[in-house]
Amino acid sequence: MHRVVVLALEGVIPFELGIPARIFGGAQGPGGEPLYEVITCTLDGRPVGTSAGFAIVVEHDATALATADTVVIPPSAAFGEVGEPGALPPPLAAALALIRPGTRVVSICTAAYVLAAAGLLDGRVATTHWQEARHFQRTFPRVRVDPDVLFVDGGDILTSAGAAAGVDLCLHLVRRDHGSATANQVARRCVVPPWRDGGQAQYIEQPVPEPSAATVALTRAWALEHLHEPLSLRELAAHARMSVRTFTRRFRAEAGMTPGRWLTAQRVELARRLLETSDLTIDHIADRAGFGTANSLRQHLRAAIGISPIAYRRTFHAAPAPGTDPG
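Per UniProt numbering, the very first residue in the sequence shown carries number 1; after that it's consecutive.
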């Protein structure tokens with residue numbers, strides 16, 4: 001069983017601390033068997049205080065990190081102590097040194113400061129809470145900070161934006177490990193969306209639009225029903241009854257990305273769902289998802305998740321129940 005070890009540091013924020021156990025702990029196989037074992041440790045195995053004014057008691061110390069397949073570090077109110085490269089407190093540096101090579105390491109929110117101070121993010125793209133992005137970039141110039149995304153998947157090292165973005169990242173890992181169907185089941189149990197459109201750019205503080213201002217939400221919903229069609233920017237703007245320029249500006253403000261990038265992401269997600277749950281041919285799935293050709297689908301899927309449609313289906317396909325609609 002895949003072991004997830006959560007490292008709780010002094011001043012840990014309780015909400016983010018609970019995310020790994022809730023998401024990974026809720027992932028189940030076809031027979032209801034748990035897919036992950038989640039344990040929590042502190043540096044010395046003793047209780048640590050939280051940002052909410054109470055302490056937590058754990059059963060493990062930092063030696064548990066040496067047994068992990070995935071290590072998750074939630075944010076702490078005390079991360080000001082790791083404000084520059086190489087500034088990790090010795091006990092924390094020693095704990096991180098216990099992590100085996102090849103172990104997946106995940107930071108939630110400002111825990112990215114810990115990974116950056118340890119040198120784990122040098123030369124990599126990473127993210128953190130948008131309020132700290134500028135300071136983080138100034139402090140760690142060797143890290144390429146993307147302040148707009150909800151999370152960054154660097155393969156063996158992953159970082160997430162603030163607070164609830166940790167949910168998005170953990171669901172992404174369940175999806176990466178076991179497919180969209182399993183991640184969707186976890187999301188439904190937690191009553192959260194299995195995939196949030198856009199990035200944290202949509203949450204950055206900015207002037208609130210007037211209540212009467214038009215929105216592109218209805219057009220996004222309409223586009224989801226017409227992904228099989230070659231939707232153009234002009235068509236989307238016309239549906240929203242806006243000029244192309246106004247539509248593009250408002251779309252980015254609401255969704256955190258351009259209309260074209262959003263459409264591609266939705267089409268990739270639809271293709272993944274069809275690859276997992278149907279026996280449709282690759283050509284048919286490419287058509288249903290709006291990519292037109294199997295070659296286009298292959299290119300977009302490889303760009304998004306790094307594998308071909310055939311390899312993805314081989315890994316995650318589950319035959320639909322008899323009598324169900326494969327689409």
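Quick reminder that beta carbons are idealized off the backbone N, C-alpha and C, glycines included. From a predicted model like this one, the values you see are computed outputs, not experimental measurements.
Find out if the Cβ-Cβ distance for the pair residue i, residue j is shorter than 8 Å.
| i | j | result |
| --- | --- | --- |
| P74 | I99 | no |
| V6 | Y36 | no |
| L171 | A161 | no |
| D153 | T103 | no |
| I305 | V174 | no |
| D128 | T110 | Correcting the residue identity first, residue 128 is Thr in this sequence and not Asp. The answer is yes: Cβ separation under 8 Å. |
| P34 | M1 | yes |
| A55 | P14 | no |
| residue 348 | V145 | The chain is shown only over 1 to 327; residue 348 falls outside these bounds and no answer can be derived. |
| W262 | H239 | no |
| D61 | L88 | no |
| A133 | P147 | yes |
Please report how far the alpha carbon of residue i lies from the alpha carbon of residue j, in whole angstroms.
| i | j | result |
| --- | --- | --- |
| G256 | Q131 | 16 Å |
| residue 338 | R267 | Lying outside 1 to 327, the shown extent of the chain, residue 338 is not represented and no answer is given. |
| H226 | H300 | 18 Å |
| G260 | V38 | 38 Å |
| P207 | R250 | The pLDDT assigned to P207 is 45, lower than 50, so where the model puts this residue is not dependable, and the model offers no usable value. |
| L169 | V106 | 9 Å |
| G166 | E16 | 7 Å |
| D283 | L150 | 32 Å |
| I19 | P141 | 29 Å |
| E229 | Y312 | 24 Å |
| R314 | R189 | 27 Å |
| I157 | R241 | 43 Å |
| N295 | G25 | 38 Å |
| G11 | T63 | 20 Å |
| R252 | V71 | 34 Å |
| A286 | Y113 | 41 Å |
| V48 | C41 | 10 Å |
| R46 | P85 | 27 Å |
| A217 | Q185 | 25 Å |
| G32 | V192 | 20 Å |
| V57 | A66 | 20 Å |
| H317 | L224 | 23 Å |
| residue 352 | A27 | Missing from the structure shown is residue 352; the chain here goes from 1 to 327 and no further. |
| E8 | R302 | Sequence check: residue 8 is Ala here, not Glu. Taking the straight line joining both Cα atoms gives about 36 Å. |
| G155 | P194 | 20 Å |
| T264 | L297 | 10 Å |
| T248 | A237 | 8 Å |
| P209 | L231 | With a pLDDT of only 43 at P209, under 50, the local geometry of the prediction cannot be trusted, and the value read off the model is given with reservation. Distance between the alpha carbons of P209 and L231: 27 Å. |
| T219 | V244 | 13 Å |
May I ask you to report which of helix, strand or coil DSSP gives residue i?
| i | result |
| --- | --- |
| H317 | coil |
| residue 328 | A question about residue 328 goes unanswered here, because the residues of the chain that appear run from 1 up to 327. |
| V58 | coil |
| E20 | It should be pointed out that residue 20 corresponds to Pro in this sequence rather than to Glu. Of the three classes helix, strand and coil, the one that applies to P20 here is helix, per DSSP. |
| R196 | coil |
| G49 | strand |
| P326 | Caution is warranted here: a pLDDT of 39 is assigned to P326, below 50, making its placement in the model unreliable, and the coordinate value is therefore given only provisionally. Coil at P326, not helix or strand. |
| P14 | helix |
| V186 | helix |
| T67 | helix |
| V4 | strand |
| V38 | strand |
| L169 | helix |
| V72 | strand |
| V208 | For V208, the pLDDT reaches just 43, beneath the cut-off of 50, and the residue's location in the model is therefore unreliable, although a value from the coordinates is still provided. Coil. |
List in chain order: all unbroken alpha helix (DSSP H) runs of 4+ residues lying wholly within the UniProt domain "HTH araC/xylS-type" (217–315). Counting whole runs of 4 or more residues, the UniProt domain "HTH araC/xylS-type" (217–315) contains the alpha helix (DSSP H) stretches 217–224, 233–240, 244–255, 259–277, 282–288 and 294–305.
Give a yes or no on contact between the segment 271–283 and the segment 175–190, applying the rule of three or more CB pairs nearer than 8 Å. Yes, the segment 271–283 is in contact with the segment 175–190.
Which residue spans inside the segment 85–151 form an unbroken beta strand (DSSP E) run of at least 3? Within the segment 85–151, the complete beta strand (DSSP E) runs of at least 3 residues are 104–107.
Using 8 Å as the threshold, is the segment 115–129 in touch with the segment 86–95, meaning 3 or more CB pairs across them? Touching, yes, given that three or more Cβ pairs across the two stretches are closer than 8 Å.
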